[in-house]
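Visitor:
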Amino acid sequence: MAVIVVLGVLITVMLVWAVRLGIGVRRREPAPPRPAEQPTPPASGPVHEEREAREPNEVPRAGADGERLDPHQLGGGPTRRSADQSRPRFDDRA
Numbered sequence: 002m003a004v005i006v007v008l009g010v011l012i013t014v015m016l017v018w019a020v021r022l023g024i025g026v027r028r029r030e031p032a033p034p035r036p037a038e039q040p041t042p043p044a045s046g047p048v049h050e051e052r053e054a055r056e057p058n059e060v061p062r063a064g065a066d067g068e069r070l071d072p073h074q075l076g077g078g079p080t081r082r083s084a085d086q087s088r089p090r091f092d093d094r095a
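For the sequence shown, our numbering begins at 2 and goes up steadily by one.
1. Okay, do the stretch 53-65 and the stretch 76-94 touch, 3+ Cβ pairs below 8 Å being the bar?
2. Classify Glu38 as helix, strand or coil using the three-state DSSP reduction.
3. Quick one: Cα of Ala19 to Cα of Gln39, how far?
4. Roughly how many angstroms lie between the CA atoms of Asn58 and Val26, to the nearest whole one?
5. Just verifying my parser: in three-state terms, what is the DSSP assignment at Arg62?
6. Using DSSP's beta-bridge definition, name the partner residues of Arg81.
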């Protein structure tokens, strides 16, 4: 019974110490920015999203001897800009 009480007091002391440590860390952090310090949108107006159709890059084949490809031989990225930028539409008259 005494072990449980001692353990409870020890846990309580550790929690109080952790809260005081957190308060000290929070005091050392810089204050949040004031409304005047917030970023403003550009003078040209809000930036809008761009849409573009992408298509996958083909993975180059290994040589005839079956040697594996290194990362620099695979190319820049997994997709490229599609030549056809029209959006695909479903045709109900099919």
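Positions of the beta carbon are idealized from the N, C-alpha and C atoms, including for glycine. A quick note: this is a predicted structure, and the numbers were derived from the prediction, not measured.
Guide: Short version:
1. A contact between stretches requires three or more CB pairs, one per stretch, nearer than 8 Å, and the stretch 53-65 meets this requirement with the stretch 76-94.
2. Residue state, collapsed to three classes: helix.
3. Whole-angstrom Cα-Cα distance: 32 Å.
4. When rounded, the separation of the alpha-carbon atoms in Asn58 and Val26 is 49 Å.
5. In the structure shown, Arg62 falls within a coil segment according to DSSP collapsed to helix, strand and coil.
6. Per DSSP, Glu56.
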